[in-house]
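Working notes, structure below.
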Amino acid sequence: MNKLLAEEIYYDMVLGRLFELAAKEHYMAGDIAGFLHLDIGQEGFSVAAMKAFEKGDVFTTYREHVMAISRGIDPQAVMAELFGKASGISRGRGGSMHLFDPSHFFYGGDAIVGGQIPNAVGCAYARKFLGQEDGVMVVFGDGATSGGAFFESLNNASTKKLPLLFLCENNGYAIGTKITRVAPFEKQAKKAEPYMLTMEVDGMDAVAVYKAVKEAQHLIQDGHGPVFLEAMTCRYEGHSMSDPGNYRSKEELEICKAKDPIERMEKVLHETYLLSSEQIDTLRQRAQKVVDDAVEFATAAPEPELEELYTEVFCKGCANVVS
Ligand SMILES: Cc1ncc(C[n+]2csc(CCOP(=O)(O)OP(=O)(O)O)c2C)c(N)n1
Ligand SMILES: [Mg+2]
Numbered sequence: 005m006n007k008l009l010a011e012e013i014y015y016d017m018v019l020g021r022l023f024e025l026a027a028k029e030h031y032m033a034g035d036i037a038g039f040l041h042l043d044i045g046q047e048g049f050s051v052a053a054m055k056a057f058e059k060g061d062v063f064t065t066y067r068e069h070v071m072a073i074s075r076g077i078d079p080q081a082v083m084a085e086l087f088g089k090a091s092g093i094s095r096g097r098g099g100s101m102h103l104f105d106p107s108h109f110f111y112g113g114d115a116i117v118g119g120q121i122p123n124a125v126g127c128a129y130a131r132k133f134l135g136q137e138d139g140v141m142v143v144f145g146d147g148a149t150s151g152g153a154f155f156e157s158l159n160n161a162s163t164k165k166l167p168l169l170f171l172c173e174n175n176g177y178a179i180g181t182k183i184t185r186v187a188p189f190e191k192q193a194k195k196a197e198p199y200m201l202t203m204e205v206d207g208m209d210a211v212a213v214y215k216a217v218k219e220a221q222h223l224i225q226d227g228h229g230p231v232f233l234e235a236m237t238c239r240y241e242g243h244s245m246s247d248p249g250n251y252r253s254k255e256e257l258e259i260c261k262a263k264d265p266i267e268r269m270e271k272v273l274h275e276t277y278l279l280s281s282e283q284i285d286t287l288r289q290r291a292q293k294v295v296d297d298a299v300e301f302a303t304a305a306p307e308p309e310l311e312e313l314y315t316e317v318f319c320k321g322c323a324n325v326v327s
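Under my numbering, the very last position in the sequence shown is 327; numbers go up by exactly one each time.
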């Protein structure tokens, strides 16, 4: 990894953290409605995965603000979507869980746990059929690996040797349910072992995630078939804003926070790339300005028109659907 890329990854992680803190504040102020799932603590995973999987299609879980921004989607359009505004990346129709932008090959955000996985299989099948090589990456939580759609997708993707990277964000919890209460083991890669090559990475280490995703993407692009990569992470917040996270002890959370991916990357910038504290501060200030501008933009952005309520919901040509 060169210095410029290391700086970019660090910058996006800080941008992601500051963006999430602003989203939290504005959720509490009532500016954001519906659900809000914060990625605080997992920014190293989210950013490095997006940076590494440069070309190709990306499908994600509902905890996707940081991934969307790191994929290149304008933070202003992401914040406006959270605010439910017409200038949002999904025109205010999707909200936090449905950030969607085909121009960045970013297909959500899915509120249905594991719902994005079969969609990604279909996309990988289409890409293979069309002879397109970049491949597809699907990101999902540990909880999604308990669902039937997950197993059907493993089966389909391996049978058809699809160029698909299954990227599991294993933070140990599905909302408040510890993964070992619903699975016989902590590492979910075991479920994929009979079907495909599996790999594991420390999801709190952005450099390691970057390398692992790159390696996995090369494999799927080289006709190796699907790969399952499991990243062990920690989310600092509850599952969503409506979850106080009481199922975790203070001690458990402290152990988590001691692995902070931003502090770790900062150390890499200092020690490997010899950045000064002032240079790092400048990156932080730049990120804060982008977040402040995003909030200002979202606040001033127009509400969707009332007619939007029915667009793309009902069939246009069908009579008597909307009176
Ligand atoms: C099909 C479906 N079943 C149940 C839910 C309710 N639900 C929302 S998130 C979630 C847990 C998913 O696990 P994971 O991704 O590991 O959760 P996280 O780490 O984000 O808390 C559940 C069961 C849902 N949204 N969709
Ligand atoms: Mg989880």
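Using N, Cα and C, we set each Cβ at its ideal position, and we do this for glycine too.
Does DSSP put residue i in a helix, in a strand, or in coil?
i    : result
Y177 : strand
L287 : helix
N6   : coil
A27  : helix
K271 : helix
A235 : strand
V205 : strand
K182 : strand
I224 : helix
N250 : coil
Which partner residues of residue i appear in the DSSP bridge assignment?
i    : result
G111 : Note on identity: in this sequence residue 111 is Tyr, with Gly being the wrong assignment. Its beta-bridge partners are F104.
C172 : F144, E234
V62  : F110, M141
K3   : The structure shown does not extend to residue 3, since the chain is modelled only from 5 through 327, so no value can be given for it.
Residue i: which of the options sits nearest, CA to CA?
i    : options                : result
L338 : N123, V117, E219, P79  : What is shown of the chain runs 5 to 327, which leaves residue 338 out entirely.
P198 : D206, P230, D226       : P230
V142 : L134, Q136, I13, L166  : L166
K261 : M208, D226, N250       : M208
Q136 : V205, T181, D61        : D61
K194 : V213, Y129, S246, F170 : F170
E309 : Q192, D247, G96        : G96
G147 : H243, L86, D247        : H243
So, for residue i: in the same chain, excluding its five sequence neighbours on each side, which residues have a beta-carbon less than 7 Å away from its beta-carbon?
i    : result
Y66  : H41, M101, G113, D114, A115
V18  : I266, L287, R288, A291
V211 : M5, V272
S50  : G20, D43, V70, M71, S74
M269 : I13, Y14, M17, G48, A210
By Cβ distance, which residues of its chain are closer than 6 Å to residue i, with the 5 residues on each side in sequence left out?
i    : result
E241 : L42, I44
K7   : Y277
V295 : L22, F23, A26
V217 : A53, A56, F57
G145 : T65, E173
Going by beta carbon distance, what residues of the same chain come within less than 8 Å of residue i, once the five residues before and after it are set aside?
i    : result
I77  : I93, L103, D105, H108, F110
P306 : K89, A90, S91
A37  : G88, G99
F63  : Y111, G112, D114, Q120, I121, N123, A124, C127, V140, M141, V142, V143
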